[in-house]
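When we follow numbering that gives the first Met the number 0, the leftmost residue of the sequence shown carries the number 0, and every step to the right adds one.
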Amino acid sequence: MKKKMLTGFRPTGKLHLGHLHGNISNMIKYQKDYENFFFLVDWHALSTEYLNPENIKSDVIECIIDLIALGIDPVLTHLYRQSDIPQISELTLYFSMITPLSWLERCPTYKEQMNELKSRDISTLGFLSYPVLMAADILIVNSDIIPVGEDQLPHLEITREIARRFNYLYGKYFIEPKEMLSKATRVPGIDGRKMSKSYNNAIFLSDDFDTIRSKVAMMITDPKRIHLEDPGDPGICNVFDFYKIYKEKEIEEIEQRCKQGKIGCTRCKEEISGIIYKSLEDFQEKRNKIKQNLNYVYDILEEGKKQVRQIADKTISDVRKKMGID
Ligand code: SF4
Numbered sequence: 000m001k002k003k004m005l006t007g008f009r010p011t012g013k014l015h016l017g018h019l020h021g022n023i024s025n026m027i028k029y030q031k032d033y034e035n036f037f038f039l040v041d042w043h044a045l046s047t048e049y050l051n052p053e054n055i056k057s058d059v060i061e062c063i064i065d066l067i068a069l070g071i072d073p074v075l076t077h078l079y080r081q082s083d084i085p086q087i088s089e090l091t092l093y094f095s096m097i098t099p100l101s102w103l104e105r106c107p108t109y110k111e112q113m114n115e116l117k118s119r120d121i122s123t124l125g126f127l128s129y130p131v132l133m134a135a136d137i138l139i140v141n142s143d144i145i146p147v148g149e150d151q152l153p154h155l156e157i158t159r160e161i162a163r164r165f166n167y168l169y170g171k172y173f174i175e176p177k178e179m180l181s182k183a184t185r186v187p188g189i190d191g192r193k194m195s196k197s198y199n200n201a202i203f204l205s206d207d208f209d210t211i212r213s214k215v216a217m218m219i220t221d222p223k224r225i226h227l228e229d230p231g232d233p234g235i236c237n238v239f240d241f242y243k244i245y246k247e248k249e250i251e252e253i254e255q256r257c258k259q260g261k262i263g264c265t266r267c268k269e270e271i272s273g274i275i276y277k278s279l280e281d282f283q284e285k286r287n288k289i290k291q292n293l294n295y296v297y298d299i300l301e302e303g304k305k306q307v308r309q310i311a312d313k314t315i316s317d318v319r320k321k322m323g324i325d
């Protein structure tokens, strides 16, 4: 039997490069090796978008189109929507009974997001308990492997702690999922912070060349470089982070040409804009074709719902018995 791999995406708009290099690239690369669970976390989206939830439903569809166009094969992957699996919310409830508040309050991403998203009131129970819902997402299918970026590691650790605590209290049932870190674990946004739609710093997979070029033009490079021949420091350059992703084999050469002042920042930006756009051309063509046939997308979601509900039913039935309420 194949091991299970699971990953979820927030349907808060179109996918961006952070999603692609964060974990979709791993999902595509390894989709033949695992039983895959790929789902859109519309309940997670509500934790920050509860005041303006009207786009979540259409964003789910847009994301599914993006995923298929990128190469996620619906035959090899259960593609589904979180809210189509009500058993996840029941498991969240059981986990919330055994999760100490301190585990959630000390979570570094919770503190970080509270600071970063000051314009929204996210001091809610739903936002604090986000990692509990994430644990239920993962453990409802007892997934073995989770492709994550480094920033998601604390959440995954809470999932393992919850699984451990459940197993200790009620007898062994859940496996402790392992992370699969992708090479480009942290994709910076155009302002150097983590790429995120909430930070308004993302390059979207559907951006055309002019949009990509104008976004790259805003990236921060070494501010001490004034003249073309001034030596640069690639370590503090946002554009260089993208070279690391797209020109891995030539990275030492690129580093040297920067340090020796052999190329200007404007030329670097032109070059990286072209590289990013070229890497997305095929995807954009496929995406347009899928959009012409939305019934195909709805059928995939329906099938995913059917398959995952069967697995989730079994988990919930076992959990109720283990906890002594059934
Ligand atoms: Fe960055 Fe290129 Fe400028 Fe060096 S030359 S600071 S790598 S943009």
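Cβ coordinates follow ideal geometry from the N, Cα and C atoms, glycine included.
Fewer than three pairs of CB atoms, one per stretch, sit closer than 8 Å, so the segment 228-246 makes no contact with the segment 304-314.
In this structure, Glu254 is the residue among Leu227, Glu254 and Lys246 with its C-alpha nearest to the C-alpha of Cys236. Assigned with DSSP and collapsed to three states, Pro10 falls in coil, not helix or strand. With respect to the C-alpha of Tyr33, the residue from Thr6, Thr47, Asp317 and Trp42 having the closest C-alpha is Thr6.
Beta-bridge partners assigned by DSSP to Thr76: Asn35. Around the ligand SF4, the residues whose beta-carbon falls short of 5 Å from at least one of its heavy atoms are Thr220, Asp221, Gly231, Pro233, Cys236, Val238, Phe239, Cys257, Cys264 and Cys267, given in chain order. For Met0, the secondary structure class from DSSP, reduced to helix, strand or coil, is coil. Counting along the chain, the unbroken alpha helix (DSSP H) around Glu115 starts and ends at Pro107 to Glu115. A Cβ-Cβ distance of about 23 Å is found for the pair Ser88 and Met4, leaving them out of contact under the 8 Å criterion. When the five nearest sequence neighbours on each side are left out, the beta carbons in the same chain lying within less than 7 Å of the beta carbon of Thr108 are those of Asp150, Pro153 and His154, in order along the chain. Contact annotation, Gly260 with Gly231: C-beta distance approximately 7 Å; criterion of less than 8 Å satisfied.
Taking the Cα positions, Glu252 is about 49 Å away from Glu301. In this structure, the straight-line span from the alpha carbon of Thr98 to that of Gly148 is close to 24 Å. Where Glu302 is concerned, the enclosing alpha helix (DSSP H) starts and stops at Leu293 to Met322.
If you ignore the 5 residues before and after Ile121, its C-beta comes within less than 8 Å of the C-beta of Ser46, Thr47, Gln112 and Met113, all in its own chain and listed in chain order. Scanning its chain for C-beta atoms nearer than 6 Å, with the 5 sequence neighbours on each side dropped, one finds around Ile274 the residues Tyr245, in chain order. Judged by DSSP secondary structure, Leu180 falls within the beta strand (DSSP E) whose first and last residues are Lys177 to Leu180. In the structure shown, Phe282 falls within a helical segment according to DSSP collapsed to helix, strand and coil. Three or more beta-carbon pairs separated by less than 8 Å link the segment 29-43 to the segment 63-82, which places the two stretches in contact. The Cβ atoms of Ala135 and Leu100 lie no closer than 7 Å to each other. Annotated three-state conformation of Lys193 is strand, per DSSP. The beta carbons of Asn25 and Pro176 sit no closer together than 7 Å. A direct Cα-Cα distance of roughly 45 Å separates Ile64 from Asp229.
Comparing C-alpha distances from Arg212 to each of Ser272, Gln86, Ile299 and Ser205 shows the shortest one belongs to Ser272.
In chain order, Glu61, Asp65, Phe203, Leu204 and Ser205 place their CB closer than 7 Å to the CB of Lys13, counting only its own chain and leaving out the 5 sequence neighbours on each side.
Going by DSSP, Pro130 is part of the alpha helix (DSSP H) stretching over Tyr129 to Leu138. Within the model, the alpha-carbon separation for Leu78 versus Gly17 is close to 20 Å. Residue state for Val147 is assigned as strand, using DSSP reduced to three classes.
Secondary structure of Phe203 (DSSP, three-state): strand. The three-state reading of DSSP puts Pro187 in strand, counting E and B together. In this model, Arg319 and Asp325 are separated by some 5 Å (Cα to Cα). Note on the segment 215-256: whole alpha helix (DSSP H) runs with a minimum of 4 residues are 237-245, in chain order.
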